[in-house]
Amino acid sequence: MFTKDWDESVGLWWSTGDIHNKPICHLERTHRGPDAAGRLLTAAQLGQLREIDVAAVLAALRKMVWTVEGPKYGCIKWYWEDPEPCDTNAAFFTGLPLVTLRIVFADQLEDQELHDLDWILEKLSAWFLRCCAERHEHYPNKYLGDLVCAWLILECTGGDGADTVAASMRRSAKYWSGKGGWGWGEHIGNYINVLLDELSALLLLARRLPDDIRADYLSMLNELLAIEDSFQGGPCVPTLRNYAFTESPRVSSYREYVQPWAPDEKIKVTNRAPLRNLLAERGWHDLVAPPADPPACPRTVSVPCFGGATAHAYIDQDIRLGGMSHFPVMDWAEGVGWGLSWQCFPVALWRPAGDWGFLLWHAVENDVWRSHPMGVERTAETPRQLTETVNPPIIGRTESILHAGDLVAARYMPERPTSWPRSGDGFRIVRTDAQTELKEQSEAWHRLLLRWPDRAVSVEFVNLTDDRAPELRENEFGGYDWLIHYDPECHGPAMGLWRISLSNDDRQAPVIEPADVPAQPRPAGGRAVHVNWNDRRFLLDPLAAPMITEDTV
737 MFTKDWDESV GLWWSTGDIH NKPICHLERT HRGPDAAGRL LTAAQLGQLR EIDVAAVLAA
797 LRKMVWTVEG PKYGCIKWYW EDPEPCDTNA AFFTGLPLVT LRIVFADQLE DQELHDLDWI
857 LEKLSAWFLR CCAERHEHYP NKYLGDLVCA WLILECTGGD GADTVAASMR RSAKYWSGKG
917 GWGWGEHIGN YINVLLDELS ALLLLARRLP DDIRADYLSM LNELLAIEDS FQGGPCVPTL
977 RNYAFTESPR VSSYREYVQP WAPDEKIKVT NRAPLRNLLA ERGWHDLVAP PADPPACPRT
1037 VSVPCFGGAT AHAYIDQDIR LGGMSHFPVM DWAEGVGWGL SWQCFPVALW RPAGDWGFLL
1097 WHAVENDVWR SHPMGVERTA ETPRQLTETV NPPIIGRTES ILHAGDLVAA RYMPERPTSW
1157 PRSGDGFRIV RTDAQTELKE QSEAWHRLLL RWPDRAVSVE FVNLTDDRAP ELRENEFGGY
1217 DWLIHYDPEC HGPAMGLWRI SLSNDDRQAP VIEPADVPAQ PRPAGGRAVH VNWNDRRFLL
1277 DPLAAPMITE DTV
């Protein structure tokens, strides 16, 4: 792994594909800093560091550090080819393996290599200290990484700022353990592994961490492991900050990840620091709380999130279904070209065979398909928002109520701009062998059955906007799209009600009646209604908070 793709002219390894920085996405191959730092740490753990031209790698990384005075000073580029730091997360993904190399394997480095490594770390320290002062607790994957790298580098360099970083760590612990939750929801997405890397590295590498901080961050580590344990090796449903747009989410267990490398194992190069073997050797399993006994199925799981939102899941042996009590969890976490909704699945179901289903907002603008979640193969140029003509961008709201294996979700799009010739809502399932069947329907109520040999799932949609019915078609991802296309001549709000049931019970059309609510100006498409839906009764009012409530009497 240390000679393949080596580029002596640069002093780094080259890679192809998956270039996520827009200025260089046209290139066929690039040289990635995080991968190079990870290779150095891997080689040190294997005792093979001398098989690499370490001096050349560190010299190249040194040239990638941004030394221009300004807001990015001390950061590092993700790619050698970047004109400047475009993705500033490169500082963490490069910095963590480098500071780990410095702490654990300094004795394997020559004097000049140590000098270059310390120079890089000192510059990164300036970047991380600035980030620590900016207070981005709502973005825990990044901010926790900033704190961890800032502290570990200061332990190496002996520079000033330890008291400031410690204060930030104490404040952040209160935020993440309190009403702030885990910010954007990275504790129920694929970034939970990055959070666990950060906490584990801090607790096992830091030598002068104050006792109260150590206790708080160990508690957070165990909290995240308990959440992962509750999902028992399967993905979170719903899931936030994920990239499972066209494939089933990755299934992983951090407890199983932390283990020594097997003899002759082919070690994969990824963005993440190669900590698995190191953590195992340094006693990670003795540090953390043991897992609780596996819970019985079926069961329900509830995970608190930011601002009082909760992720609710129903888990059985062969399927799991979940939804957010409300989404987005942060209304302000959206901007032109960035945001949260494009990589979040606020209502989702999953089967161990890989079937992956979710609700999907969609729109066409400037002849480009856009959706939340993204819904296509991700590239650097794929739109992150449903619109680029409205700022701040328009985002859809979702609220769901889950009783056992029966989920009802209210969906509300507050506006449909004139730049959308086509827009709507829908249900998508990918990588599935389910058989589909459209059942009886009324003017506003439509029903789709998904059948497997051992399970039937009912997906129902109530159109509260116009008289259009969803259209069923095969998609290019080994599954089906059941999409509603709202009337393109109307540009006001759109509202729909979904019900996903993990059974094939007989259904009758819901009864929809106007609701007697306080008078206030209401745009077309924003009406309040009572919905009597067989055994469940709801009040839906998109201008209220919450916008859906259930009569449990």
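Using our numbering, read the sequence shown as starting at 737 and increasing by one per residue. Glycine included, C-beta positions come from ideal geometry on N, C-alpha and C.
Sequence-distant residues of the same chain with beta carbon closer than 6 Å to residue i, five excluded per side
i       : result
Trp750  : Asp741, Asp743, Arg765, His767
Cys811  : Trp802, Pro821, Thr824, Ala827, Trp863
Leu1085 : Leu1057, Gly1093
Cys972  : Ile924
Pro1082 : Pro974, Met1060, Phe1063, Thr1134
Trp1269 : Pro1246
Endpoints, the alpha helix (DSSP H) within which residue i is located
i       : result
Tyr953  : 947–966
Thr893  : 876–893
Ile856  : 847–870
Glu1225 : Glu1225 -> no alpha helix (DSSP H), and no H or E assigned at all.
Thr900  : 898–913
Gly769  : 769–782
Val987  : Val987 -> no alpha helix (DSSP H), and no H or E assigned at all.
Ser936  : 928–941
Val790  : 790–800
Spatial neighbours of residue i in its chain, beta-carbon cut-off 8 Å, leaving aside the 5 residues before and after
i       : result
Met737  : Arg775, Thr778, Lys1002, Ile1003, Val1005
Gly1075 : Ala1069, Arg1120, Gln1121, Pro1129, Ile1131
Gln784  : Phe738
Pro854  : The displayed chain sequence assigns Asp, not Pro, to residue 854. If we look at Asp854 and ignore the five residues flanking it on each side, its Cβ neighbours are Arg838, Cys892, Thr893.
Gly747  : Asp789, Ala792, Val793, Ala795, Ala796
Leu961  : Leu932, Tyr990, Arg991, Val1024, Ala1025, Pro1027
Asn958  : Val1024, Ala1025
Trp887  : Ala898, Val901, Ala902, Met905, Leu938, Ala942, Leu945
Per DSSP, cross-strand counterpart(s) of residue i
i       : result
Glu1173 : Leu1185
Arg1158 : Val1100
Met737  : Met737 pairs with nothing; no bridge assigned.
Gly1019 : The partner list for Gly1019 (beta bridge, DSSP) is empty, contrary to what the question assumes.
Phe1063 : Thr1134
Met1149 : Ala1230
Ala1047 : Val1039, Met1060
Tyr1216 : Ile1165, Glu1210
Arg1106 : Ala1099
Asp1029 : According to DSSP, which records beta bridges pairwise, Asp1029 is partnered with nothing at all.
Asp1091 : For Asp1091, which the question treats as bridged, DSSP gives no partner whatsoever.
Leu785  : In DSSP, Leu785 forms no bridge with anything.
Trp742  : Trp749
Asp1052 : Note: Asp1052 sits in no beta bridge, so no partner.
Gly1290 : Absent from the model: residue 1290. The displayed extent of the chain is 737 to 1289, so no value can be given.
Leu1290 : No statement about residue 1290 is possible, as the shown extent of the chain runs from 737 to 1289 and does not include it.
Nonlocal neighbours in the same chain, by C-beta distance under 7 Å from residue i, ignoring five residues either side
i       : result
Met800  : Gly769, Ile812, Lys813, Trp816
Arg1012 : Tyr993, Val994, Gln995
Leu1208 : Thr1172, Leu1174, Leu1184, Tyr1216, Trp1218
Ala1292 : Given that the chain is displayed from residue 737 to residue 1289, the structure contains no residue 1292 and the question cannot be resolved.
Arg798  : Asp852, Trp855, Ile856
Residue range of the unbroken beta strand (DSSP E) whose run includes residue i
i       : result
Phe1197 : 1191–1199
Gly831  : It is not in any beta strand (DSSP E) - Gly831 instead sits in the alpha helix (DSSP H) that spans 826–840.
Ser751  : 748–752
Leu1085 : 1083–1086
Residue i versus the options, residue with shortest Cα-Cα distance
i       : options                            : result
Asp1202 : Arg1263, Gly1214, Gln1244          : Arg1263
Asn1112 : Cys868, Gly1214, Gly921            : According to the sequence as given, residue 1112 is Val; it is not Asn. That would be Gly1214, whose Cα lies nearest to the Cα of Val1112.
Ile1137 : Trp1156, Glu1176, Glu1286          : Glu1286
Thr1186 : Asp1169, Asp1142, Val804           : Contrary to the premise, residue 1186 reads as Leu rather than Thr in this sequence. Comparing Cα-Cα distances from Leu1186 to each of Asp1169, Asp1142, Val804, the minimum goes to Asp1169.
Ser1178 : Arg1204, Trp918, Trp1020           : Arg1204
Leu1095 : Asn1102, Asp1103, His851, Gly1059  : Gly1059
Arg1035 : Asp1052, Ile1220, Leu763           : Asp1052
Glu1225 : Leu1238, Ala1280, Glu1151          : Glu1151
Gly969  : Thr982, Leu890, Asn929, Leu940     : Asn929
Trp1097 : Asp852, Gly1162, Pro1088, Cys1080  : Gly1162
Arg1235 : Leu782, Trp920, Arg1147, Glu1210   : Arg1147
Ala1192 : Ile1248, Asn1240, Ala1099, Gly1090 : Asn1240
Arg866  : Asp852, Asp882, Tyr875             : Asp882
Arg906  : Glu858, Met956, Leu941, Ile889     : Met956
Gly1141 : Met1149, Cys868, Ser1194           : Ser1194
Asn1127 : Pro1278, Asn1007, Gly1073, Glu1176 : Gly1073
Glu1101 : Trp1078, His1048, Arg1158, Tyr1050 : Arg1158
Val1104 : Cys1080, Asp1054, Asn926, Ser1155  : Ser1155
Residue i: CB within 8 Å of a non-hydrogen atom of the ligand SAH
i      : result
Glu787 : Judged by which ligands are present, the structure shown has none, so any question about the ligand SAH falls away.
Note to self: Ignoring anything shorter than 4 residues, give me the alpha helix (DSSP H) runs that lie fully in the segment 1238–1284, in order along the chain.
What the structure shows: none
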